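Written out below as structure tokens is the structure these notes cover.
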Amino acid sequence: MGTVFSLDVRGGEPAAVRAALDEAVAGLHRVDEVFSTYREDSQIARLQRGELTVAECDPEVAEVLELAAEAERLSDGWFSTTYQGRLDPTGIVKGWAVERAARRLSAVPGVCGVSVNGGGDVQLLGAPGAQRPWRVGVSDPLRPGGLAAVISAAGVDELSVATSGTAERGAHILDPRTGHSAVTDLVAVTVVGPRLTWADCWATAAFAMGSREGLAWLESLPDVEALLITAGDEVRCTGGLAARLG
Numbered sequence: 368m369g370t371v372f373s374l375d376v377r378g379g380e381p382a383a384v385r386a387a388l389d390e391a392v393a394g395l396h397r398v399d400e401v402f403s404t405y406r407e408d409s410q411i412a413r414l415q416r417g418e419l420t421v422a423e424c425d426p427e428v429a430e431v432l433e434l435a436a437e438a439e440r441l442s443d444g445w446f447s448t449t450y451q452g453r454l455d456p457t458g459i460v461k462g463w464a465v466e467r468a469a470r471r472l473s474a475v476p477g478v479c480g481v482s483v484n485g486g487g488d489v490q491l492l493g494a495p496g497a498q499r500p501w502r503v504g505v506s507d508p509l510r511p512g513g514l515a516a517v518i519s520a521a522g523v524d525e526l527s528v529a530t531s532g533t534a535e536r537g538a539h540i541l542d543p544r545t546g547h548s549a550v551t552d553l554v555a556v557t558v559v560g561p562r563l564t565w566a567d568c569w570a571t572a573a574f575a576m577g578s579r580e581g582l583a584w585l586e587s588l589p590d591v592e593a594l595l596i597t598a599g600d601e602v603r604c605t606g607g608l609a610a611r612l613g
């Protein structure tokens, strides 16, 4: 998927954990093979060309497309899987794949904590140890090497952190209403919620909306907190984010 993944598993019998890690990594490679828009032989590419139907694809394709349709509905079209008239579900695939890998690893007997990081988007399950929660640093987009915040998973069994912005990849987020790069006052949106599948989508949609509309929309979503940073170095947060800092 064009990025780096890291998988951290705490507890469990070592051989069983190693086997589960191998399976998780193979699963991530399989996701890339099926959903890549850069591979001519991927199922998504063949679906776009009309060589396959959704029913003829792996079941995961229908699952992801259904989730994407729900994300588009809940965001009033600000999240979309259509790019220049072509099917492109990559905006949801990475978060979904990371979350799926994390949940598979957490199902291994004896595992107490799992962290899977896909290019800076993280799914956390359980805890790394007694009285020791997972913590995730959020990069400061205006100060390379610095942190804008530290998110703590204290008190919850599952938490995800997803960031969309221009610091790492430039202006790659599109405004689905124009088909062009989103022109907003934001440089980064970090969304915190239980499931990375949704957090990833919501960060992208909110970035395209801009800080005022994006913050208001994120405030309306249940179990979601967010940190928005503007190009003018203004930080805007949802009302409950402070409870997740640490």
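So the sequence shown is numbered by the numbering used here: it starts at 368 and just counts up by one. Quick reminder that beta carbons are idealized off the backbone N, C-alpha and C, glycines included. All values derive from a computational prediction rather than experimental measurement.
Item                                                                                                   : Value
Of the residues Leu612, Val554 and Asp567, the one placed nearest Asp600, counting alpha carbons only  : Val554
Buried or exposed by the 16-neighbour rule on C-beta atoms within 10 Å, applied to Ser587              : exposed
Separation of Gly379 from Thr597, as counted between CA atoms                                          : 43 Å
Where Gly532 sits in the DSSP three-state scheme                                                       : strand
C-beta atoms of Thr530 and Asp488 nearer than 8 Å                                                      : yes
CB-CB length for Val465 against Val431, believed under 8 Å                                             : At roughly 13 Å, the Cβ-Cβ gap does not stay under 8 Å, so Val465 and Val431 are not in contact.
Boundaries (first-last residue) of the beta strand (DSSP E) holding Thr557                             : Leu553 to Gly560
Expected contact under 8 Å - CB spacing of Gly394 and Ala468 to nearest Å                              : 6 Å
Sequence-distant residues of its chain with Cβ nearer than 8 Å to Arg576 (five each side left out)     : The amino acid occupying residue 576 in the given sequence is Met; Arg does not appear at that position. Cβ within range, chain order: Trp445, Thr551 and Trp584.
Cβ neighbours of Glu439 in the same chain (closer than 6 Å, five flanking residues each side left out) : Phe446 and Ser447
Endpoints, alpha helix (DSSP H) assigned at Cys568                                                     : Leu563 to Met576
From Leu388, Ala383 and Val384, residue whose alpha carbon lies closest to that of Phe372              : Leu388
DSSP state of Ser519 mapped onto helix, strand, coil                                                   : strand
Test item: CB-CB of Ala429 and Val421 under 8 Å                                                        : yes
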